Amino acid sequence: MSSSDPGRYPFRPIIDRPAYDWPEGRRVAIYLGVNHEVFDFGGGLGAELAPSQNQPDVMNYAWRDYGNRVGAWRLFELFDRLELKTTALLNADVLDRCLGLAEACRDRGDEIAAHGGSNAKAQGKLGQQEERRLIADVTDKLAALGTRPTGWLGPWISESKSTPDLLKAAGYRYVLDWAHDDQPTRLATEHGELLSIPYSQEINDLPAVIQRKQEADVFAAMIRDAVAQLLSEADRRPSVLGIALHPYIMGQAHRVPPLARVLTALREADDPRIWWTTAGAIADHVEANGLAA
C-alpha cells in the first residue's frame, strides 16, 4: 500500500468486472437519499445560503430548519404521489428536536439509515473511543424507531482512518461515504468487508445548488442526463444512481416543480431497466447474491 492509497479497495476498472443484474433483470438501480438534519443554534457546522455575519446566525439556521418544518413534508407529498420510498438519512438528534419528522419517515415505509448525531459536527475529528461511542449512541437512538439501522452516511462525509472498521464492528452492512464508483464495492476493514453503496456527490443538491450556484432546473437536467447515460450503458453493466436531496434546498417551493417534472417523467416512462429502490435493498441484493467488486 502506498502512502496515498486508502488501502480499503483494489483498483478494478468498471469494464473488467463480472456481469450481473438487479432484481427482475433490471440494470439501473435508482434511490433517493434524503438528508434529514439538525444543526446547532449559535455555532457548529452548517451549509450557508449567505456568509455568516455573527453568531447566532439566525438567517442560515432558520433557512436550514425550514427543511424540517416545511420542505420535508412538501417532498413527502411528491414522493407519495409518485409512490417512491426513500432512504431517509437521519441525524439521530432529529428524534430529540423534531420527532414527528423521524416518525413520518418510518411510517411512510422509508428505509432508516444513520447520518450521525447532528450535522453541526464532523465525526472525522473525533478520537477512536469518542467515535465508537458516537456510532453506538446514534445506532441505539435510531433503533427506537423500530429497526436498527444498517447503513451509515457520515455528516459532511467525514471519516477518520478508523471509521469503516468501527462501523463494521458496530454491525453496519454498508456505508455511503465513498463516491468512487457506479457499482457497489467492498471495503476492507479489520472485521471483514463493508459494502460501499454509491451515493453521488454530483447528483446532490447541496454542492449543485449551494456551492456551484446551479438552480433546480439545472439540477433536474443533471438527473435526467445521468439516468439517460446509465441506461445507454445498461447492456454492458449494471449501475447505481443515488439522488441526494436536502429538504431545506430541494424542498423550497420554487425548486420542487423541476424535481417533480423529472421524477414524474422517469416514473411515467416505466423503463423496465430501472429499479426504483433504497440503498438498503441494494445492499440486500448484493449480499444475497455474492455481488460487488
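The sequence shown begins at -9 in this note's numbering and counts up one residue at a time. All C-beta atoms in this analysis are idealised placements derived from N, C-alpha and C, irrespective of residue type, glycine included. On a predicted model such as this, the values are computed, not experimentally measured, just so you know.
Taken in chain order, the unbroken stretches of alpha helix (DSSP H) that lie wholly in the region 108 to 165 and span 4 residues or more are 118 to 133 and 153 to 159. Judged by DSSP in its simplified three-state form, N44 adopts coil rather than helix or strand.
Here P197 is actually not in contact with L177; their C-beta atoms are around 23 Å apart, not less than 8 Å.
In the DSSP secondary-structure assignment, Y21 is bridged to G232 and T267.
H26 is bridged by DSSP to L80.
Between the region 232 to 251 and the region 198 to 212 there are three or more inter-stretch CB-CB distances shorter than 8 Å, so the stretches are counted as touching.
When C-alpha distances from R227 are compared across D171, V165, S148 and G57, the shortest belongs to D171. Per the coordinates, the alpha-carbon of A94 lies some 30 Å from the alpha-carbon of R263.
Here N25 has L79 and H236 as same chain residues with Cβ atoms under 6 Å from its own Cβ, once five neighbours each way along the sequence are excluded. Rounded to whole angstroms, the Cβ separation of G36 and R54 is 6 Å, and the two are in contact under 8 Å. In the three-state reduction of the DSSP assignment, E73 falls in the coil class, being assigned neither a helical nor a strand state. Distance from the CA of L85 to the CA of D30, rounded to the nearest whole angstrom, comes to 15 Å. Between the region 157 to 170 and the region 10 to 17 there are fewer than three C-beta pairs closer than 8 Å, too few to call the two in contact. For I193, the three-state secondary structure derived from DSSP is coil.
Counting along the chain, no alpha helix (DSSP H) covers A282, and no H or E run does either. Contact between A269 and G23 holds: CB atoms are separated by about 7 Å, below the 8 Å threshold. Between the region 139 to 150 and the region 237 to 247, the count of C-beta pairs closer than 8 Å stays below three; the two stretches do not touch. Separation of E67 and D97 (C-alpha to C-alpha, rounded to the nearest whole angstrom) is 14 Å. The bridge partners DSSP lists for G182 are T179 and E180. Residue environment: L231 is assigned as buried (16 or more neighbouring CB atoms within 10 Å of its CB, all protein chains considered).
Taking a C-beta distance under 8 Å as the contact criterion, G182 and K158 qualify as a contact pair.
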